[in-house]
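Asker: Just so you know, the sequences run in chain order A and B.
The first sequence begins at 12 in my numbering and counts up one residue at a time.
The second sequence begins at 12 in my numbering and counts up one residue at a time.
Where is the CB? At the ideal position from N, CA and C, for every residue including glycine.
Since this is a predicted model, take the numbers as computed values, not measurements.
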Amino acid sequence: MRHRIVFVATAALMLAGLATADEKAGVAANKVPRTADGHPDLSGTWAYAIDLPPVVLKEQVNGSVSIKTIDQSWREPAKAPIPGALPSTPAPSYKPEFQEKVKHLFDNESKLDPVFYCGKPGVPRIGSPRRIIQLPGEIVFFYEDISGDPYRIIPTDARAHRADANPSYYGDSVGHWEGDKLVVDITNFLKDGWFGEGGYFHTDAMHVIERLWRDGENLVWQATVDDPKVLTAPWTMSPRVVKPSSDPLEESPPCIEDDGHRLLNSDHHQQR
Amino acid sequence: MRYKISFILIFCTVLFAAGSLSAHHSPSAVFDMEKKFTVAGTLTQVDWINPHIVVFMDAKKDDGSAETWKFESNPPSWFRRVGIARNDLSKAIGQNVTVEGARAKNGSLYGYLLKITFVDGNSLELLFNPGK
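1) Using a Cβ-Cβ cut-off of 8 angstroms, state whether A:P259 counts as contacting chain B.
2) Less than 8 angstroms between the beta carbons of A:S158 and A:W57, yes or no?
3) Would you list the residues sitting across from A:D183 in a DSSP beta bridge?
4) Taking buried to mean at least 16 other C-beta atoms within 10 Å of its own C-beta, is A:V252 buried or exposed?
5) Check whether the region 74 to 86 of chain A touches the region 173 to 187 of chain A, taking contact to mean three or more Cβ pairs, one atom from each stretch, closer than 8 angstroms.
6) From this set, A:L68, A:P98, A:E268 and A:Y180, which residue's C-alpha is nearest B:S134's C-alpha?
7) Report yes if the C-beta distance between A:T198 and A:H218 is below 8 angstroms; otherwise report no.
8) Kindly say whether B:E136, judged by its beta-carbon, lies nearer than 8 angstroms to any beta-carbon of chain A.
9) Less than 8 angstroms between the CB atoms is what I'm expecting for A:D156 and A:I137, so what's the real figure, rounded?
10) Which residues in chain A sit within 8 angstroms of B:G112, going by Cβ to Cβ distance?
11) Would you tell me roughly how many angstroms separate the C-alpha atoms of A:G204 and B:S119, rounded to the nearest one?
12) Would you verify that the beta carbon of A:S5 is, or is not, closer than 8 angstroms to some beta carbon of chain B?
13) Quick check on A:Y211: buried or exposed, where buried means 16 or more other Cβ atoms within 10 Å of its Cβ?
14) Can A:R225 and A:V194 be called in contact, C-beta distance under 8 angstroms?
15) Decide yes or no for the touch test of the region 52 to 71 of chain B against the region 83 to 99 of chain B: beta carbon pairs closer than 8 angstroms, at least 3 of them.
16) Using 8 angstroms as the threshold, is the region 89 to 108 of chain A in touch with the region 110 to 129 of chain B, meaning 3 or more CB pairs across them?
17) What does B:I104 reach in chain A if we use C-beta pairs closer than 9 angstroms?
18) From which residue to which residue does the alpha helix (DSSP H) around B:N98 run?
19) Residues of chain A with CB closer than 7 angstroms to the CB of B:G94, please, in chain order.
20) State the beta-bridge partners of B:N61 as determined by DSSP.
21) Please list the partners that A:N276 has in chain B, where partner means a Cβ-to-Cβ separation under 7 angstroms.
What follows is the structure, encoded as structure tokens:
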């Protein structure tokens, strides 16, 4: 009898807990703002997507000292599963005949990576957009990047890829909605970019799919890269949960690299 | 061995999970980060550029002749996000400043700016390992 009472009490508590969790999930889902056409509204200004040096500023003004840090903890891989995210792997799988090339590029990255020399990172390496403007039939991504500040105008009106577009680092994008996810299909890339810092070269056959959705107040961004000429299978990167930001976009200063000719070794940034 | 593989996997996960890193060389590829030195002189120029800001200063050698030092420092995006704008440095152009830095390994008049102290005693200092 005593056991039964404990069991019933425990079950009641668990049910209460579940109900609370469901309510919370319902509240969170309801909090996702939507546009007039019913899609989640991805519009907004989002956190700066590039890693910054893990350095603290100590500022002394009129005798008083202040310490300023930058919180980029959200850029670390999420500790808990992200709702809606696809399974991801840490690195792409190259065909055996290209693995030596990838290693060579990675070992000599500071000398060979175009992005080290103000080159455009392209998609998907540029990461999540800094600002999104969502309109009926198209969505516009804006970025702040060391190489400049690109934008992408992505039609979402079911049109096909452009047949006459020149290849580019950011490719040709078309988007559509799959439930509450925006799915962006990107093709027509230049072949001299890297899609990741591990020496991840690609060819003109690269095909990228970005997925963006809302997780409460946050934006989630996840990309899948395929290049059947060099990869054994499509590679899905880990998702990125991006916080909303009150930090307005600002034109990036010009990029003038002046250390490449001074490099004495191949050390990379300390965070890598 | 199994632990080593796990460590490498975790390391790679942390390494490549991020979509966009501030791709550049490590300061240690150019500068001797353990070899700190100090130069005092006149701030002459502040270039707010990627991937690193650059400042120039004229200093006097022991024999009285002038030499021009060039210092790079953190990216402008880092300075912006700790609340420092170009004007916070450029307002001191023409004034005496003291710079503590790490010198280029090639021995040139080039360094990585770690601290700048202005004529009024105010200063900005970059702490690379604040917890250590």
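Answerer: On the basis of the supplied data:
1) Here residue 259 of chain A refers to the residue found at position 248 of the first sequence. Using a CB distance cut-off of 8 angstroms, A:P259 does not count as an interface residue toward chain B.
2) As a working mapping, residue 158 of chain A is identified with position 147 in the first sequence. As a working mapping, residue 57 of chain A is identified with position 46 in the first sequence. With a cutoff of 8 angstroms on beta-carbon distance, A:S158 and A:W57 are scored as not near each other.
3) Numbered from 1 along the first sequence, position 172 holds the residue referred to as residue 183 of chain A. As a beta-bridge residue in DSSP terms, A:D183 pairs with A:T198.
4) Within the first sequence, numbered from 1, the residue matching residue 252 of chain A stands at position 241. With 16 or more Cβ atoms within 10 Å of its Cβ, A:V252 is classed as buried.
5) These segments do not touch.
6) As a first step, residue 134 of chain B must be located in the second sequence, where it is residue number 123. Answer by Cα proximity: A:L68.
7) Sequence index remark: in the first sequence, residue 198 of chain A carries index 187 (1-based). Sequence index remark: in the first sequence, residue 218 of chain A carries index 207 (1-based). Going by C-beta atoms, A:T198 is nearer than 8 angstroms to A:H218.
8) Position 125 of the second sequence, counted from the first residue, corresponds to residue 136 of chain B. Chain A has a Cβ within less than 8 angstroms of the Cβ of B:E136.
9) Reading the first sequence from its first residue, position 145 is the one you call residue 156 of chain A. Reading the first sequence from its first residue, position 126 is the one you call residue 137 of chain A. Confirmed, about 6 angstroms.
10) By 1-based counting over the second sequence, the position of residue 112 of chain B is 101. Chain order gives no chain A residues near B:G112, where near means a beta carbon separation below 8 angstroms; the closest approach is about 14 angstroms.
11) Along the first sequence, read from residue 1 onward, the residue named residue 204 of chain A stands at position 193. Along the second sequence, read from residue 1 onward, the residue named residue 119 of chain B stands at position 108. For A:G204 and B:S119, the gap between their C-alpha atoms comes out near 33 angstroms.
12) In the structure as shown, chain A starts at 12 and stops at 283, and residue 5 of chain A therefore has no counterpart that could be examined.
13) Counting from 1 along the first sequence, the entry for residue 211 of chain A is found at position 200. It counts as buried.
14) Translated into positions along the first sequence, residue 225 of chain A becomes position 214. Translated into positions along the first sequence, residue 194 of chain A becomes position 183. For A:R225 and A:V194, no; Cβs fall outside 8 angstroms.
15) When C-beta atoms of the region 52 to 71 of chain B are compared with those of the region 83 to 99 of chain B, three or more pairs fall below 8 angstroms, so the two segments count as touching.
16) Cβ pair count under 8 angstroms is below three, so no.
17) To locate residue 104 of chain B, count along the second sequence from 1; it is residue 93. What B:I104 touches in chain A: nothing, since even the nearest Cβ is about 17 angstroms away.
18) For the purposes of this step, residue 98 of chain B is taken as the residue at position 87 of the second sequence. Here the alpha helix (DSSP H) through B:N98 covers R97 to S101.
19) Stepping through the second sequence from its first residue, residue 94 of chain B is reached at position 83. What B:G94 touches in chain A: K79.
20) Position 50 of the second sequence, counted from the start, is the residue given in the question as residue 61 of chain B. Beta-bridge pairing links B:N61 to A:C266.
21) Position 265 of the first sequence, counting from 1, holds the residue named residue 276 of chain A. Residues of chain B passing the Cβ test: A40.
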